[in-house]
Amino acid sequence: MDFLLWTSVLGTAAFAVSGAMLAVQKKMDLFGVNILALATAVGGGAIRDLLIGQTPPVMFLHPAYATIAILTANVVFAVASLHRRLPPGRIAALYERTLALSDALGLAAFTVNGVSIGMESASPTFFLAVSLGVVTGVGGGVLRDMLAQEMPAVCVKDIYAVAALAGAVCTAFLWSRVPPEAAMSLGFCVVLVIRLLAIARHWNLPRIR
Amino acid sequence: MDFLLWTSVLGTAAFAVSGAMLAVQKKMDLFGVNILALATAVGGGAIRDLLIGQTPPVMFLHPAYATIAILTANVVFAVASLHRRLPPGRIAALYERTLALSDALGLAAFTVNGVSIGMESASPTFFLAVSLGVVTGVGGGVLRDMLAQEMPAVCVKDIYAVAALAGAVCTAFLWSRVPPEAAMSLGFCVVLVIRLLAIARHWNLPRIR
Amino acid sequence: MDFLLWTSVLGTAAFAVSGAMLAVQKKMDLFGVNILALATAVGGGAIRDLLIGQTPPVMFLHPAYATIAILTANVVFAVASLHRRLPPGRIAALYERTLALSDALGLAAFTVNGVSIGMESASPTFFLAVSLGVVTGVGGGVLRDMLAQEMPAVCVKDIYAVAALAGAVCTAFLWSRVPPEAAMSLGFCVVLVIRLLAIARHWNLPRIR
Chain F
1 MDFLLWTSVL GTAAFAVSGA MLAVQKKMDL FGVNILALAT AVGGGAIRDL
51 LIGQTPPVMF LHPAYATIAI LTANVVFAVA SLHRRLPPGR IAALYERTLA
101 LSDALGLAAF TVNGVSIGME SASPTFFLAV SLGVVTGVGG GVLRDMLAQE
151 MPAVCVKDIY AVAALAGAVC TAFLWSRVPP EAAMSLGFCV VLVIRLLAIA
201 RHWNLPRIR
Chain U
210 MDFLLWTSVL GTAAFAVSGA MLAVQKKMDL FGVNILALAT AVGGGAIRDL
260 LIGQTPPVMF LHPAYATIAI LTANVVFAVA SLHRRLPPGR IAALYERTLA
310 LSDALGLAAF TVNGVSIGME SASPTFFLAV SLGVVTGVGG GVLRDMLAQE
360 MPAVCVKDIY AVAALAGAVC TAFLWSRVPP EAAMSLGFCV VLVIRLLAIA
410 RHWNLPRIR
Chain Z
419 MDFLLWTSVL GTAAFAVSGA MLAVQKKMDL FGVNILALAT AVGGGAIRDL
469 LIGQTPPVMF LHPAYATIAI LTANVVFAVA SLHRRLPPGR IAALYERTLA
519 LSDALGLAAF TVNGVSIGME SASPTFFLAV SLGVVTGVGG GVLRDMLAQE
569 MPAVCVKDIY AVAALAGAVC TAFLWSRVPP EAAMSLGFCV VLVIRLLAIA
619 RHWNLPRIR
């Protein structure tokens with residue numbers, strides 16, 4: 001099946017989970033949960049489409065994306081309602097982990113999706129593909145965090161944009177050398193592995209105290 | 210007279226009031242009041258135009274919109290200056306109510322405006338028209354709240370996007386069945402009535418405590 | 419040499435400094451510093467390009483802009499690391515002043531850049547050129563402040579958008595009367611002088627207490 005479509009669908013669902021989780025954490029009501037899930041899930045793709053002049057963006061043409069986001073949001077809301085009986089400490093840890101994992105999946109999927117759109121655009125260059133990949137990857141999360149009044153993950157999470165950049169460079173470099181499916185799969189794994197290792201091992205970049 | 214133009218003008222003025230009121234609440238100076246009023250008033254339309262590929266957006270072609278927003282902002286500022294003599298409690302209540310009412314009017318006007326632009330675009334579908342309506346309706350307010358560092362109303366106000374969605378669906382459903390003016394008027398009333406009832410009766414959607 | 423290019427390069431570098439300084443102030447890590455510098459430096463230009471329908475935006479076509487922003491960000495980070503030995507009070511004052519000066523330079527450069535792009539667009543009007551100038555000028559700073567969760571300078575700093583507006587009007591007025599280089603130089607000086615005087619003399623617009 002079409003790999004580009006797969007990354008869109010997976011990224012949409014994963015980012016919808018991360019948006020819905022953050023909304024639940026922030027005590028938003030059911031509609032706030034849907035809105036934040038939607039904005040996170042389709043935001044990156046909408047920014048990507050505006051940047052390459054694809055208007056209206058794909059999310060306005062195919063109801064599938066919004067549908068996936070809303071279904072996902074409501075499942076998250078229902079599951080989160082059940083979890084209310086757990087001890088608060090365990091809930092917080094569970095939320096934290098689900099949010100981080102779904103965010104990493106969305107980041108990986110949309111990064112390689114953006115690279116592939118850049119490579120198939122009218123004037124494909126390595127630089128265009130890589131930067132479109134990074135912007136598409138981080139776009140949904142930035143929108144999510146700005147709407148929820150959180151400091152955007154891309155600015156404060158160690159090795160966040162670095163992971164997207166590494167995966168984008170990898171996918172773009174391999175694009176004409178191996179089948180696109182292989183380039184995208186490998187780039188996807190690069191983003192995901194770097195991001196998850198960074199979370200697990202608390203990798204840090206220098207900062208000024 | 211042209212109904213589409215009417216909704217633009219009414220929405221611009223109403224959102225300018227809501228932006229100016231929030232800026233006054235936030236103790237911004239006269240220019241901050243103008244900026245926030247402008248961003249709120251023309252923001253939704255600018256997002257709409259970018260999404261359908263209308264560049265430059267209409268607000269850059271016709272000075273009328275910016276003029277309406279700026280005149281409105283200065284009237285609000287002047288009136289708010291006079292109100293300083295009222296007791297603080299009454300001022301706060303008055304501000305709150307004016308902000309909510311003008312925001313509801315702007316939401317209603319821009320929602321049906323967006324639906325009608327979607328229906329008159331190159332490839333009109335029910336889904337495109339409804340989603341363009343909701344995005345145009347909530348866009349200005351989201352920009353206003355993000356600039357003023359408030360949690361966006363669309364994420365936390367109960368029955369906010371629901372009102373826009375109901376009005377957009379109503380307008381889009383009636384579009385080919387009755388004259389556009391009737392479809393837009395009815396959709397406008399649906400948004401306004403649902404939103405104002407939700408405020409007055411404190412309607413709530415479920416949330417997780 | 420081409421004046422339009424000069425304003426782009428100067429504005430990019432100046433806004434990169436301001437973005438990097440704010441990130442350092444906010445204790446972001448090295449990558450956060452790069453991200454905020456990049457967003458500030460290329461944000462205004464990207465918004466300008468989206469508004470006039472130039473897709474992909476220039477920053478995606480020419481790696482030079484991102485390169486300038488990233489080099490600048492790393493120099494700022496390195497210099498800021500050295501300054502850690504200064505007494506805290508002097509550091510704060512130094513940061514404050516560097517941020518204000520670089521922001522004023524970026525505002526001036528991008529404002530006249532936007533006016534000139536507006537004047538060379540398909541349907542140049544005085545209003546389009548002035549509003550494109552102001553939006554391009556303030557756009558990068560708004561993005562920077564929203565990403566860093568600061569109240570946008572344009573909303574709360576006295577005489578910020580006023581400076582951009584005065585310079586834009588000046589450049590647009592002179593456009594067909596003197597050579598473009600002269601119009602842009604004069605407009606640049608108008609923005610810079612008004613903004614710096616406003617900072618130095620604490621000029622205020624009325625606000626409601």
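Chains as they are written, first to last, in my numbering: chain F, 1 to 209; chain U, 210 to 418; chain Z, 419 to 627.
Glycine is no exception: its CB is placed at the ideal position from the N, C-alpha and C atoms.
Between the C-alpha atoms of U:G233 and F:M28, what's the straight-line distance to the nearest angstrom?
-> The residue asked about is misnamed: residue 233 of chain U is Val in this sequence, not Gly. For U:V233 and F:M28, the distance between alpha carbons rounds to 26 Å.
Helix or strand or just coil, what does DSSP make of F:R207?
-> Annotated three-state conformation of F:R207 is strand, per DSSP.
For Z:A484, I'd like the list of residues in its chain whose CB is within less than 7 Å of its CB, leaving aside the five on either flank, ordered along the chain.
-> Excluding residues up to 5 positions away in sequence, L456, V460 and M477 lie with their Cβ nearer than 7 Å to the Cβ of Z:A484 in the same chain.
Listing by chain order, which chain F residues have their CB less than 7 Å from the CB of U:C379?
-> Ordered by position in chain F, no residue passes the 7 Å Cβ test against U:C379, which lies about 18 Å from the chain.
Could you tell me if F:D2 is buried or exposed, where buried requires 16 or more neighbouring beta carbons within 10 angstroms of its beta carbon?
-> By the 10 Å Cβ count, F:D2 comes out exposed.
What are the residues that DSSP puts in a beta bridge with Z:D521?
-> None, per the DSSP bridge assignment.
Sheet register partners of F:A29 (DSSP bridge) = One point to set straight first is that residue 29 of chain F is Asp, not Ala, in the sequence displayed. DSSP output for F:D29 lists U:R416 as bridge partner(s).
Chain-ordered chain F contacts of Z:A484 [CB-CB under 9 Å] | The CB of Z:A484 comes closer than 9 Å to the CB of F127 and S131 in chain F, given here in chain order.
Measure the beta-carbon distance from Z:L525 to Z:G559 and round it to whole angstroms, keeping in mind my assumption that it falls under 8 Å.
-> Distance from Z:L525 to Z:G559 at the Cβ level is roughly 7 Å; contact confirmed, criterion being Cβ atoms closer than 8 Å.
Over what stretch of residues does the alpha helix (DSSP H) that includes Z:E599 continue unbroken?
-> For Z:E599, the enclosing alpha helix (DSSP H) covers residues P598 to R619.
Same chain, Cβ closer than 8 Å to Z:V548, neighbours up to 5 away in sequence not counted = Answer for Z:V548: V533, G536, L583, A586, V587 and A590, listed in chain order.
Beta-carbon neighbours of F:M151, restricted to chain Z and to distances below 7 Å | Within chain Z, the C-beta atoms nearer than 7 Å to that of F:M151 come from Q567, in chain order.
Residues in its own chain within less than 6 Å of Z:I617 by CB, not counting five upstream and five downstream?
-> Closer than 6 Å at the Cβ level, and outside the excluded window around Z:I617, lie A518.
How long is the line joining the alpha carbons of F:V135 and Z:P505, rounded to whole angstroms?
-> Pairing F:V135 with Z:P505, the inter-Cα distance amounts to about 39 Å.
Who are the near neighbours of Z:G551 in its chain, counting only those whose CB is closer than 6 Å to its CB and skipping five residues on each side?
-> Result list for Z:G551: T529, G532, V533 and A586, in chain order.
Please list the segments of the alpha helix (DSSP H) lying wholly inside the stretch 41-79 of chain F, counting only runs of 4 or more residues, in order along the chain.
-> Entirely contained in the stretch 41-79 of chain F, the alpha helix (DSSP H) runs reaching 4 residues are, in chain order, 58-61.
Hey, quick one: how far does the alpha helix (DSSP H) through U:S340 stretch, first residue to last?
-> F335 to L356 is the extent of the alpha helix (DSSP H) around U:S340.
Should Z:D576 be flagged as near chain U, meaning a C-beta pair shorter than 8 Å?
-> Taking Cβ atoms only, chain U reaches closer than 8 Å to Z:D576, which makes this a yes.
Using a Cβ cut-off of 8 Å, pull out every chain Z residue sitting near U:M237, in sequence order please.
-> Within chain Z, the residues whose beta carbon sits less than 8 Å from that of U:M237 are C573, V574 and R625, listed in sequence order.
Close Cβ partners of F:A258 (< 8 Å) along its chain, the five nearest in sequence each way excluded = An answer regarding residue 258 of chain F cannot be provided, because it is not within the stretch 1 to 209 covered by chain F.
Taking just the CA atoms, how far does U:L259 sit from F:G187?
-> Spanning the two alpha carbons is a distance of roughly 31 Å.
Under 7 Å between beta-carbons, which chain Z residues line up against U:T264? List them in chain order, please.
-> The answer, in chain order, is L469, I470 and G471.
Where the stretch 245-256 of chain U meets chain Z: residues whose CB sits under 7 Å from a CB there | Per Cβ criterion, the list reads L245.
Quick one: Cα of Z:M602 to Cα of Z:S541, how far?
-> Rounded to the nearest angstrom, the gap between the Cα atoms of Z:M602 and Z:S541 is 20 Å.
Does the distance from the C-beta atom of Z:A491 to that of Z:V427 stay below 8 Å?
-> Annotated as distal: Z:A491 and Z:V427, with beta-carbon spacing of 8 Å or more.
Which chain Z residues are close to U:G241, counting only those with a beta carbon under 7 Å from its beta carbon?
-> Here the neighbours are C573 and V574.
Close beta carbons around F:A211, own chain, < 6 Å, minus the five adjacent residues each side = There is simply no residue 211 of chain F to check, as chain F begins at 1 and stops at 209 in what is shown.
Give the DSSP-derived three-state secondary structure of U:W384 in the structure shown.
-> In the structure shown, U:W384 sits in coil (DSSP, three-state: anything other than H, G, I, E or B).
CA nearest to the CA of F:L147, picked from F:L4, F:I35 and F:A104 | Among F:L4, F:I35 and F:A104, the Cα nearest to that of F:L147 belongs to F:I35.
Quick one: Cα of U:R293 to Cα of U:A302, how far?
-> Computed Cα separation, rounded: 13 Å.
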